[in-house]
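**Student:** Below you'll find the structure I mean.
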Amino acid sequence: MTRPHDAWRANALQGVLAVAAAAMPAALWAHTVPVTIEGLQFSPATVTVKRGDTVVWTNKDLVTHTVTADGVFDSHDIEPNHAWTYVAKQPGRYAYRCTLHPTMNGTLVVE
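In mature numbering (1 follows the signal peptide of the UniProt record, and there is no 0), the protein residues as written are -30 to -1, 1 to 81.
Written out as structure tokens, the structure reads:
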């Protein structure tokens, strides 16, 4: 048989846990999403992430590349066998490109 104060404790605990979960920084729930740079292309070409997620572009090509979305982010030069990371901050759809190879394009969607 459940006593009234046991039910109250259970409800109070649920409330405390809900508040604690809501107060945790987004970084605790964030994911890391990889994008490979190889063969003069971004793979996958379109990436969808949530705000707070980290996108990691890894250059597996033999030449230098950039990841540039005008006014939003710019990796500058990413040398072969190096990576660059970006934490998605603002929801939106961002077209990006390699400034050194204009045919290389990708899209970052932040929800």
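All residues carry an ideal CB built from backbone N, CA and C; glycine is no exception.
Computed from a prediction, not measured in an experiment: that's the story for all the values here.
Can you list the beta strand (DSSP E) stretches of 3 or more residues lying completely in the segment 3 to 40, in chain order?
**Tutor:** 16 to 19, 24 to 29
**Student:** What whole-angstrom Cβ distance do residue 21 and residue 79 have, given they're in contact under 8 Å?
**Tutor:** Translated into the one-based positions of the sequence shown, residue 21 becomes position 51. Translated into the one-based positions of the sequence shown, residue 79 becomes position 109. Contact doesn't hold; Cβ gap of about 11 Å is too wide.
**Student:** For a quick check, are the C-beta atoms of residue 5 and residue 76 less than 9 Å apart?
**Tutor:** Position 35 of the sequence shown, counted from the start, is the residue given in the question as residue 5. Position 106 of the sequence shown, counted from the start, is the residue given in the question as residue 76. Taking C-beta atoms as the reference points, residue 5 and residue 76 count as a pair closer than 9 Å.
**Student:** Kindly indicate the opening and closing residues of the beta strand (DSSP E) around residue 75.
**Tutor:** Within the sequence shown, numbered from 1, the residue matching residue 75 stands at position 105. Counting along the chain, the beta strand (DSSP E) containing residue 75 begins and ends at 71 to 80.
**Student:** Rounded to whole angstroms, what is the Cα-Cα separation between residue 84 and residue 46?
**Tutor:** It is not possible to answer for residue 84, since the shown part of the chain is limited to -30 through 81.
**Student:** Could you please give me the residues that DSSP links to residue 57 through a beta bridge?
**Tutor:** Sequence index remark: in the sequence shown, residue 57 carries index 87 (1-based). Answer is 24.
**Student:** Quick check on the burial criterion: 16 or more other C-beta atoms within 10 angstroms. Buried or exposed for residue 31?
**Tutor:** Here residue 31 refers to the residue found at position 61 when the sequence shown is read from its first residue. The residue is buried, with at least 16 neighbouring Cβ atoms inside 10 Å.
**Student:** Put residue 44 into one of helix, strand or coil per three-state DSSP.
**Tutor:** Indexing the sequence shown from 1 puts residue 44 at position 74. The answer is strand: DSSP assigns residue 44 an E or B state.
**Student:** Which residue's Cα is closest to the Cα of residue 24: -2, 9, 41?
**Tutor:** To locate residue 24, count along the sequence shown from 1; it is residue 54. For residue 24, the nearest C-alpha among the options comes from -2.
**Student:** In the DSSP output, what is residue 65 paired with across the bridge?
**Tutor:** Residue numbering aside, residue 65 sits at position 95 when the sequence shown is read from its first letter. Its beta-bridge partners are 77.
**Student:** Rounding to the nearest angstrom, what Cα-Cα distance links residue 62 and residue 26 in this structure?
**Tutor:** In the sequence shown, residue 62 corresponds to position 92, counting from 1. In the sequence shown, residue 26 corresponds to position 56, counting from 1. So the two alpha carbons sit approximately 18 Å from each other.
**Student:** If you drop the 5 nearest sequence neighbours on each side, which residues of the same chain put their C-beta closer than 6 Å to that of residue 55?
**Tutor:** Residue 55 sits at position 85 when you count from the first residue of the sequence shown. Only 24, 26 meet the Cβ criterion.
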